[in-house]
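Peer 1: 0 is the number of the first residue of the sequence shown in numbering that gives the first Met the number 0; add one for each residue after it.
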Amino acid sequence: MTTHDDPFVLAGRPYRSRLIIGTGKYRSFEETRQAAEAAGAEIVTVAVRRVNITDPGKENLLDWLSPERFTILPNTAGCYTAEDAVRTCRLAREAGVGTLVKVEVIGDEKTLFPDVPATIEACRILVREGFQVLPYITDDPVACKRLEDLGCAAVMPLAAPIGSGLGIRNPYNLRIIVEQSRVPVIVDAGVGTASHAAEAMELGCDGVLMNTAIAGAGNPILMAEAMRQAVEAGRKAFLAGRIPARLYATASSPLEGLIR
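Written as structure tokens, this is what we have:
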């Protein structure tokens, strides 16, 4: 099984890589580019309110991450109302970035948990306007189902608070979300190391989005490579089908035909 045999299809477009990376917190745009390449990423997400992709008169991230090489996924990080999120997405569209957007509407400054009602409202407006919407949301199966029914192109439940590195706190909710969803499920936020990324994929998630886990590592480029390998390994393990977990041992060798 190769990535070509098992494409990741998002908003009707196939991708080889199931790892999406953020572009914040790196020391330079050059390091951002190196990390994206080491991760094998084909989609990179950009905070429109924090990173310049709209003003050609200033240093522009798109000079380092070409839209011809990467799908640029603008996000609404820093928005605390549905109105601000919608306005930010419209700004990205007007700048020619496209209509595939990641919607974040934050409800709490300490935990950065999403405001679920405001997220749903922003997504309702954006879907109606023709955007392909990827909402950052709690690991709540009901909220994820509601967003799917609105017409979102994927759902992006958190594993843990943004930047916490705690890994998947509620694998059981994620399993329910995966089982019920007809759109891709992308774990977004809380991944800290490669084993967390592999676990998300082993649960059946379609992809993983991360920023701090790579950008904040001691060696971001090496961590990006580790995350790429973890996502690939986790996906293959899910497709292979793991053995059932049992309380007691089972012999690795057959018991029949033993020499007496």
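We put the CB at the ideal spot given by N, CA and C, even for glycine.
What is the DSSP secondary structure of Arg174, counted as helix, strand or coil?
Peer 2: For this step, residue 174 is matched to residue 175 along the sequence shown. In the structure shown, Arg174 sits in a helix (DSSP, three-state: H, G or I).
Peer 1: For Gln33 and Ala46, what's the separation of their Cα atoms in angstroms?
Peer 2: Residue numbering aside, residue 33 sits at position 34 when the sequence shown is read from its first letter. Residue numbering aside, residue 46 sits at position 47 when the sequence shown is read from its first letter. C-alpha separation (whole angstroms): 19 Å.
Peer 1: Pull up the distance between the alpha-carbon of Gly215 and that of Thr249, whole angstroms please.
Peer 2: Indexing the sequence shown from 1 puts residue 215 at position 216. Indexing the sequence shown from 1 puts residue 249 at position 250. About 42 Å.
Peer 1: State the beta-bridge partners of Ile242 as determined by DSSP.
Peer 2: If you number the sequence shown from 1, residue 242 lands on position 243. Per DSSP, none; premise fails for Ile242.
Peer 1: Hey, could you find the ends of the beta strand (DSSP E) Thr70 is sitting in?
Peer 2: Counting from one through the sequence shown, the residue named residue 70 turns up at place 71. Element bounds for Thr70: Thr70 to Asn74.
Peer 1: Under 8 Å Cβ to Cβ from Arg241, same chain only, skipping five residues before and after it: list those, please.
Peer 2: Counted from its first residue, the sequence shown places residue 241 at position 242. Same-chain partners within the cutoff: Glu201.
Peer 1: Which one of Thr70, Gly39, Ile136 and Ile71 has the shortest CA to CA distance from Thr118?
Peer 2: Translated into positions along the sequence shown, residue 118 becomes position 119. Residue Ile136 is the option with its Cα nearest to Thr118.
Peer 1: Among the candidates Ile161, Met222 and Asp114, whose CA atom is the shortest distance from the CA of Cys78?
Peer 2: Here residue 78 refers to the residue found at position 79 of the sequence shown. Comparing Cα positions, the closest option is Asp114.
Peer 1: Among the candidates Asn172, Pro6 and Arg17, whose CA atom is the shortest distance from the CA of Val230?
Peer 2: One-based indexing of the sequence shown puts residue 230 at position 231. Checking every option, the nearest Cα to that of Val230 belongs to Arg17.
Peer 1: Quick check on the DSSP output: the alpha helix (DSSP H) that includes Leu111 runs from which residue to which?
Peer 2: Counted from its first residue, the sequence shown places residue 111 at position 112. Counting along the chain, Leu111 falls outside any alpha helix (DSSP H), and DSSP gives it neither H nor E.
Peer 1: Out of Arg181, Gly189, Arg145 and Arg86, which has the shortest C-alpha to C-alpha gap to Gly161?
Peer 2: To locate residue 161, count along the sequence shown from 1; it is residue 162. Correcting the residue identity first, residue 161 is Ile in this sequence and not Gly. That would be Gly189, whose Cα lies nearest to the Cα of Ile161.
Peer 1: If you run the structure through DSSP and keep just helix, strand and coil, what is Val115?
Peer 2: For the purposes of this step, residue 115 is taken as the residue at position 116 of the sequence shown. Correct three-state label for Val115: helix.
Peer 1: Using the beta-carbon count (16 or more within 10 Å), is Pro219 buried or exposed?
Peer 2: By 1-based counting over the sequence shown, the position of residue 219 is 220. It counts as buried.
Peer 1: Quick check: what's the CA-CA separation for Asp187 versus Glu41?
Peer 2: Position 188 of the sequence shown, counted from the first residue, corresponds to residue 187. Position 42 of the sequence shown, counted from the first residue, corresponds to residue 41. Spanning the two alpha carbons is a distance of roughly 16 Å.
Peer 1: Out of Gly166, Val104 and Ile71, which one is the CA nearest neighbour of Val85?
Peer 2: Taking the first residue of the sequence shown as position 1, residue 85 is located at position 86. Nearest option by C-alpha distance: Val104.
Peer 1: If Cys122 sits next to Cys88, beta carbons under 8 Å apart, how far is it from one beta carbon to the other, in whole angstroms?
Peer 2: Translated into the one-based positions of the sequence shown, residue 122 becomes position 123. Translated into the one-based positions of the sequence shown, residue 88 becomes position 89. With a Cβ gap of about 10 Å, Cys122 and Cys88 do not count as contacting.
Peer 1: What does the alpha-carbon distance come out to for the pair Leu64 and Ile19?
Peer 2: Position 65 of the sequence shown, counting from 1, holds the residue named residue 64. Position 20 of the sequence shown, counting from 1, holds the residue named residue 19. Cα to Cα, the separation comes out at about 14 Å.
Peer 1: Give the DSSP-derived three-state secondary structure of Gly21 in the structure shown.
Peer 2: As a first step, residue 21 is located in the sequence shown; it is residue number 22 there, counting from the start. Three-state DSSP puts Gly21 in a strand.
Peer 1: Below 8 Å between beta carbons: does that hold for Gly206 and Pro183?
Peer 2: Residue 206 sits at position 207 when you count from the first residue of the sequence shown. Residue 183 sits at position 184 when you count from the first residue of the sequence shown. Yes.
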